[in-house]
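For what it's worth, my numbering labels the leading residue of the sequence shown as 324, then goes sequentially. In this text, a Cβ means the ideal position worked out from N, Cα and C, and glycines have one as well. Data block below; observations after.
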Amino acid sequence: MNKVKCPDGGTVTLGETFDWENNSSKAVSITNCGSFLTQSSYTVPAKNGGTPGTTPATVLTDITPGNYTYTENTITGSTPTMKVNSSMPKSEKY
Numbered sequence: 324m325n326k327v328k329c330p331d332g333g334t335v336t337l338g339e340t341f342d343w344e345n346n347s348s349k350a351v352s353i354t355n356c357g358s359f360l361t362q363s364s365y366t367v368p369a370k371n372g373g374t375p376g377t378t379p380a381t382v383l384t385d386i387t388p389g390n391y392t393y394t395e396n397t398i399t400g401s402t403p404t405m406k407v408n409s410s411m412p413k414s415e416k417y
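Below you can see the structure in the form of structure tokens.
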């Protein structure tokens, strides 16, 4: 499963389920993501020892591929971005 680090953002595909990954010692709240994910907010637990906290999320299938922004409570003055790629298969050569 793809891992997307809080707060870095990342690249995902339409319909993909991925894990938000948190390497900090505090829980992270991710909000304002309902335009491209199946939920509008997520809470990603703090790391436990050396193991990052994770929370699964799924990308919507009926959106236009592109860059989507969201809000995350540990960043000040920054807007993280998620790039959503199309999941359409590549054309086969004949």
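Counted as a single uninterrupted DSSP element, the beta strand (DSSP E) harbouring F341 occupies residues 340 to 345. A Cβ-Cβ contact shorter than 7 angstroms links V407 with P388.
The criterion of a C-beta distance shorter than 7 angstroms is not satisfied by G332 and T384. Taking C-beta atoms under 8 angstroms as the contact rule, S352 and T366 qualify, at a distance of about 6 angstroms.
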